[in-house]
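A short worksheet on the structure shown next.
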Amino acid sequence: MKWIMRLPMLSSMALAALTLVSIVTAFLYMQMPPEAAIGKSIPVAIESFRFMKGGGRKKHGLLTVDQYTRGKAVISNLQGLKNSDRFRYLKFQLTPEKLIDDLPLFFWRSASIGQLHTLALEENLLDHLDLKRHPQWGGDISEYGFIFTEYGAQRWRLQELEFSPETLKQTWLSIFSDWLEFEVWSQHSVNFIYGGAANGRLSAVVVVGIWVLLSLLLYSLLMRRKKQAVSARKIAAVLLFGWMLLDARWLFNLYQQMQLTHNVYAGKSLAEQYESGLDADYYRYFQHLKNEVLPANPQFIYVLDKKTDYYRAKIPWWLAPHNVFNRDSYPRPEYREKGGYILILLPVPGLRFDQRTGALRWGENGSLPVVPVYLDPLGALYKIREGGR
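Take my numbering: the last position of the sequence shown gets the number 392, and nothing is skipped along the way.
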């Protein structure tokens with residue numbers, strides 16, 4: 004007891020941490036299903052997977068993916084999983100360690116044949132996936148597998164899979180892993196950086212904030228017992244330390260991202276960098292339009308889409324020297340006289356191509372005569388028939 008009074012601030016921080024951990028542990032234990040705590044993990048043999056798209060090899064418990072079909076490779080396990088409710092986590096070892104995008108797990112439920120469900124594999128320290136984050140996980144799973152994306156000469160290696168129940172130890176490890184989860188750059192992270200798992204069960208910011216406040220409360224009580232005034236410097240130091248803990252998490256993510264960015268883009272030409280990025284599929288698509296489909300002389304190209312903000316800067320650069328306009332969802336009447344091309348990237352509600360009349364139609368009377376030029380899942384290109392010819 005003497006050391007507590009001798010070091011009131013350090014003692015308060017330690018007691019606050021112990022109290023907070025005890026409360027959270029008790030809460031997690033009460034939320035845990037009784038049957039899950041005593042359940043056993045089920046290992047998954049790598050040999051039970053088969054290639055549905057792309058290719059690779061399976062040897063000594065290691066699955067290597069090095070062949071792709073249109074940039075994708077798919078492996079599937081038809082053995083499924085009975086009573087999947089008993090298992091909350093999927094453990095695995097996956098290399099490369101840093102994911103450049105989401106690598107989805109997919110599964111089919113026996114109770115809902117024909118409906119495919121997917122769940123992204125987050126980058127985390129434990130190499131595990133919290134399956135309960137998907138609302139449809141449960142019951143008998145008839146089939147599950149993984150979808151791999153091609154990036155250059157990269158090979159994916161997958162091994163040591165097992166389904167694990169929700170034990171108290173695994174739950175705590177999962178929480179820590181969520182706090183340290185690597186958040187790769189994406190179009191979304193331009194505006195939002197979560198600093199860990201976006202859908203984690205406990206926010207690191209909230210936990211650190213409660214710990215700081217609880218430490219200050221205990222410190223003030225100890226100082227009152229000692230009949231001494233609180234130290235403003237020590238209070239400021241605890242607040243600063245809490246902020247430094249959260250900032251260290253951000254710097255940890257930044258350091259990992261710096262390494263990944265260097266490995267993916269360093270030493271490559273601009274075209275090779277586009278081929279390695281998140282927009283690689285669209286880059287190849289637009290290069291194909293520019294070099295092999297569209298005329299060499301500049302054309303008017305009108306991009307129709309529900310949301311064109313992201314492509315407003317991308318498409319004119321990729322299709323230059325063509326004149327690209329992407330302001331609208333439906334064609335304008337003057338397009339018929341100006342001529343050019345219509346490019347539809349994503350399905351626009353109410354806009355359709357009428358094969359009988361050879362025209363794009365929308366609303367009650369909207370119509371624009373066009374000729375299909377190039378149809379692809381990423382976008383449909385039509386040439387405007389000038390003057391309705």
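C-beta atoms are modelled at their ideal positions from N, C-alpha and C, and glycine is treated no differently. Just so we're clear, the structure is a prediction, and the values are computed from it rather than from any experiment.
- prompt: Buried or exposed: Y258, going by 16 or more other Cβ atoms within 10 Å of its Cβ?
  reply: exposed
- prompt: Rounded C-beta distance between H131 and S206? I'm assuming under 8 Å.
  reply: The Cβ separation is near 19 Å, so there is no contact.
- request: Would you grab the beta carbon distance between L398 and L349 for me? Rounded to a whole angstrom, and I think it's under 8 Å.
  value: Here the chain comprises residues numbered 4 to 392, so residue 398 is not present and cannot be evaluated.
message: Just verifying my parser: in three-state terms, what is the DSSP assignment at H120?
response: strand
task: Would you kindly report the start and end of the unbroken beta strand (DSSP E) that includes M55?
output: 52 to 56
query: Which one or two residues does DSSP pair with I45 in a beta bridge?
result: F166
message: Between the alpha carbons of G366 and G353, how many angstroms are there, rounded?
response: 7 Å
- prompt: Beta-carbon separation of S145 and S113 under 8 Å?
  reply: yes
- prompt: Exposed or buried, R335, counting other C-beta atoms within 10 Å across all chains shown (16 or more means buried)?
  reply: exposed
task: Taking all protein chains shown into account, decide if A316 is buried (16 or more other Cβ within 10 angstroms of its Cβ) or exposed.
output: exposed
task: For V373, I'd like the list of residues in its chain whose CB is within less than 8 Å of its CB, leaving aside the five on either flank, ordered along the chain.
output: I345, F356, G361, A362, L363, Y385, K386, I387, R388
task: State yes or no: is the C-beta of L168 within less than 8 Å of the C-beta of R228?
output: Note that residue 168 is Pro in the sequence shown here, rather than Leu. Against a cut-off of 8 Å, the Cβ pair of R228 and P168 comes out as no contact.
message: Helix, strand or coil for A20? Go by DSSP, reduced to three states.
response: helix
query: When we look at the beta-carbon of N300 and count the other beta-carbons within 10 Å, is it buried (16 or more) or exposed?
result: exposed
R91 burial status per 10 Å Cβ neighbour count (16 or more: buried): buried
query: Does the pairing of the segment 240 to 251 with the segment 160 to 174 give three or more beta-carbon distances under 8 Å?
result: The segment 240 to 251 makes no contact with the segment 160 to 174; the number of CB pairs closer than 8 Å stays below 3.
- prompt: I think S79 touches G142, with their Cβ atoms under 8 Å apart; what is that distance to the nearest whole Å?
  reply: Contact doesn't hold; Cβ gap of about 19 Å is too wide.
message: According to DSSP, P107 sits in a beta bridge with which residue or residues?
response: A123
- prompt: Can the beta-carbon of Y314 be found closer than 8 Å to that of F328?
  reply: no
- prompt: In terms of alpha-carbon separation, which member of V68, D69, F95 lies closest to P46?
  reply: Considering only alpha carbons, the answer is F95.
- prompt: Taking DSSP as the reference, what is the three-state secondary structure of P375?
  reply: strand
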